[in-house]
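If you're matching positions, the sequence shown starts at 766 in my numbering and goes up one per residue.
Taking it in order: structure first as structure tokens, then the write-up.
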Amino acid sequence: MDKFLYYLVTLLESALSVVGIRATYEEPRYAIVERLDRGVELRAYEPRVAVETDAKGQQDGEAFGRLFRYITGANTGGDRIAMTTPVESGGRLIAMTVPVEQGAGGTMRFYLPKTVAEAGPPEPTEAGVRIVRIPAERLAVLRFSGSATAEARSRQAAILTRVLDAAGKRTEAPPFFMGYDPPFSIPFLRRNEVAARLAPS
């Protein structure tokens, strides 16, 4: 795909996601294996490949920029790779009038399209960006709409934790955020999720 067409398609996909249409984005494959209270889903994800970088928090623009540069050509093949959903991020977010990331670190990930993963993804050319292979795993996921502010994420993560505790489900690490839409999407149409990796049973 030539550069102009790639950016045109990316722009159109972003415009559609503003109004909640995200069918053009590939998403990692999973099966829902159990449903718990409050809409929590236990999902079994297939193995997948991602590109990730260290992040200062959940809305780290520099981390997002490094990953975006990778999929737009900052890789050994100079390849342009289709954007997928969700963008996964961890770390602590401190609420202000505009979310600012501070404190505990984390990572930000873009999942790679299945065809790219199967063909062998090109290596990143920018420092601090790496390819990771995620084995099959089970996640507990709680979906919510609206703005994904620090307070909203924290509130939803607390609900997820309470539901999992009540169901006797153990997790391997604190909850993290998965975002499916750009920040300028209409809030009530957004798909946001908080998730936790479940410990092997």
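We put the CB at the ideal spot given by N, CA and C, even for glycine.
What first and last residue would you give for the beta strand (DSSP E) that runs through residue i?
i      : result
PHE942 : 941–944
ILE896 : 894–899
GLU902 : 902–909
Can you say whether residue i is buried or exposed, counting buried as having 16 or more other CB atoms within 10 angstroms of its CB?
i      : result
SER966 : exposed
PRO948 : exposed
THR880 : exposed
ASP825 : buried
PRO793 : buried
ILE951 : exposed
Alpha carbon to alpha carbon, how far is residue i from residue j?
i      : j      : result
GLU937 : ILE899 : 15 Å
ALA922 : THR818 : 23 Å
PHE942 : GLY842 : 30 Å
ARG920 : ARG927 : 11 Å
Which same chain residues, not among the five before or five after residue i, have their C-beta less than 7 Å away from its C-beta?
i      : result
PHE875 : ALA815, VAL816, LEU832, ILE836, THR849 and VAL852
What residue range is occupied by the uninterrupted alpha helix (DSSP H) comprising residue i?
i      : result
SER966 : Run containing SER966: none; DSSP gives neither H nor E here.
ALA931 : 915–931
LEU954 : Segment: none, LEU954 is in no alpha helix (DSSP H) and carries neither H nor E.
GLU827 : 826–836
Opposite residue i in the DSSP bridges: which residues?
i       : result
GLU791  : THR849
PHE875  : VAL816 and VAL852
LEU807  : GLU799 and ALA905
THR1003 : Given a span of 766 to 966 for the chain in the structure shown, any question on residue 1003 remains unanswerable.
Any beta-carbon of chain B closer than 8 Å to the one on residue i?
i      : result
ARG956 : Judged by its chain identifiers, the structure shown contains no chain B, having just a single protein chain.
Here's a check: name, in chain order, each residue in its chain whose Cβ is nearer than 8 Å to the Cβ of residue i, leaving out the five neighbours to either side.
i      : result
ALA901 : ALA809, TYR810, GLU811 and PRO812
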